[in-house]
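> I'd like to ask you about the structure that follows.
Numbering (the numbering used here), first residue to last: 1017 to 1391.
Given below as structure tokens:
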């Protein structure tokens, strides 16, 4: 009897083990299926995210005459047409006749008419056709990149854009922290009034205040000696005006810092005061390290907005001291437009922003997750 009972128990144990193994295998298969689906979704999402950048890169190599044709890869370079005229090359491909003279050894005093063709140049100045073909090798494909990389204005605009962006983000962050610290709690009527005024900006269109803002800044800049004359003072004041516009409080920055600082226990500030710390020491040494999450959130949102500004720089900056987007707009001609230059300039302007996000992605993630886990 005992032997039969032990045998029955062993069979039940074996059945349970087999059943458990089947459940484990089924669970493992489901996990693999879910992992495969998740991987597929992420792969599709990554491809969809990269497609615009890929299309922009390809588009920057498509000649203007083929701008209406859809290309999925860099097009094949065309042979130079010796019937092309200097005027058309200058207008449609941003080719400076002075560069053409220098490349072919033509004296700078010689005049090249707008209707002068490359064939005429070859015959009149004895320039071999192979030399002309060599100069125009891949000219139609990489004309956009050659134009912007040989234009010193592009690098100047890029430097001014980075300078304005960095200074604006630093100033906006510092002022937002102090504003949020001053409004935290909303215990007084004046605090609630100021807070409501900041939030009112969310419903006021930027175009509605562009004129009074322009008149105010013009009145202020006219008071600065030397501003009316071209020079370093004018450039600094104009860039400072853009920074001042960027660092003024926004509804988003005030909202997140006020809400975050309001969630910090007041006992922390009181303990610091009891230990002899001033308000400035409390803000810089205690409060600032706790504000990684809102600071990162503010930078992630405001960085592309400030970097890609067009309206304010276009209105307040001279053409010679513009930032990237107004510079790109200047490449649009009245009678013709080299779309290749525009797309190449747009792609080149995006690259620094991508480098910043890739280089500081760990800092962004770390700051965004700060305080997410207690303890």
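All C-beta atoms, glycine included, are put in the ideal place defined by N, C-alpha and C. Every value quoted in this text rests on a predicted model; they were computed, and no experiment measured them.
(1) Reducing DSSP to helix, strand and coil, say where residue 1125 ends up.
(2) Report yes or no: do the stretch 1254-1270 and the stretch 1186-1199 share at least 3 C-beta pairs separated by less than 8 Å?
(3) Are there 16 or more other CB atoms within 10 angstroms of the CB of residue 1281, so buried, or fewer, so exposed?
(4) Which runs of the alpha helix (DSSP H) at least 4 residues long sit entirely within the stretch 1091-1176? Give them in chain order.
(5) If you check the beta carbons only, do residue 1270 and residue 1110 fall under 8 Å apart?
(6) Along the chain, where does the alpha helix (DSSP H) that runs through residue 1300 open and close?
(7) If I follow the unbroken alpha helix (DSSP H) through residue 1206, where does it start and stop?
(8) Could you work out which residue in 1233, 1215, 1209 is closest to residue 1254 when comparing CA atoms only?
(9) Hey, how far is the Cα of residue 1236 from the Cα of residue 1339?
(10) So the candidates are 1181, 1199, 1040; which of them puts its Cα closest to the Cα of residue 1213?
(11) Buried or exposed for residue 1131, going by 16 or more other Cβ atoms inside 10 Å?
(12) Leaving out the 5 sequence neighbours to the left and right, which residues in its chain are closer than 7 Å to residue 1363 when beta-carbon positions are compared?
(13) Extract the residue ranges of the alpha helix (DSSP H) inside the stretch 1292-1380, only unbroken runs of 4 or more that lie entirely within it.
(14) Span of the alpha helix (DSSP H) holding residue 1234?
(15) Could you check where the alpha helix (DSSP H) with residue 1257 kicks off and where it finishes?
(16) Suppose you measure from the CA of residue 1099 to the CA of residue 1134; what does that come to, to the nearest Å?
(17) Could you give the DSSP three-state label for residue 1086: helix, strand or coil?
(18) Take the Cβ of residue 1335 as the centre, count every other Cβ of all protein chains shown within 10 Å, and call the residue buried at 16 or more, exposed below.
(19) Here's the rule I'm using: 16 or more other beta-carbon atoms within 10 Å means buried, otherwise exposed. How should residue 1145 be labelled?
Judging by the given coordinates:
(1) DSSP places residue 1125 in coil when its eight states are reduced to three.
(2) Contact holds: three or more Cβ-Cβ distances are below 8 Å.
(3) By the neighbour-count rule (16 or more Cβ atoms within 10 Å), residue 1281 is not buried but exposed.
(4) Here the runs fully enclosed are 1102-1109, 1113-1120, 1134-1141, 1145-1151, 1159-1165.
(5) Not in contact: residue 1270 and residue 1110 (Cβ atoms no closer than 8 Å).
(6) First-last for residue 1300: undefined, no H or E at that position.
(7) 1205-1216 is the extent of the alpha helix (DSSP H) around residue 1206.
(8) The shortest Cα separation from residue 1254 among 1233, 1215, 1209 belongs to 1233.
(9) Between residue 1236 and residue 1339, the alpha-carbon positions lie close to 22 Å from each other.
(10) Nearest of 1181, 1199, 1040 to residue 1213, Cα basis: 1199.
(11) Exposed, because fewer than 16 other Cβ atoms sit within 10 Å of the Cβ of residue 1131.
(12) Excluding positions up to five away in sequence, the list reads 1072, 1073, 1076.
(13) DSSP runs (the alpha helix (DSSP H)) wholly in the stretch 1292-1380: 1308-1323, 1327-1332, 1340-1346, 1355-1375.
(14) Judged by DSSP secondary structure, residue 1234 falls within the alpha helix (DSSP H) whose first and last residues are 1222-1237.
(15) It spans 1248-1263 - the alpha helix (DSSP H) in which residue 1257 sits, taken as one unbroken run.
(16) Residue 1099 and residue 1134 have their C-alpha atoms roughly 6 Å apart.
(17) Coil, per DSSP.
(18) Exposed, since its Cβ has fewer than 16 Cβ neighbours within 10 Å.
(19) Exposed.
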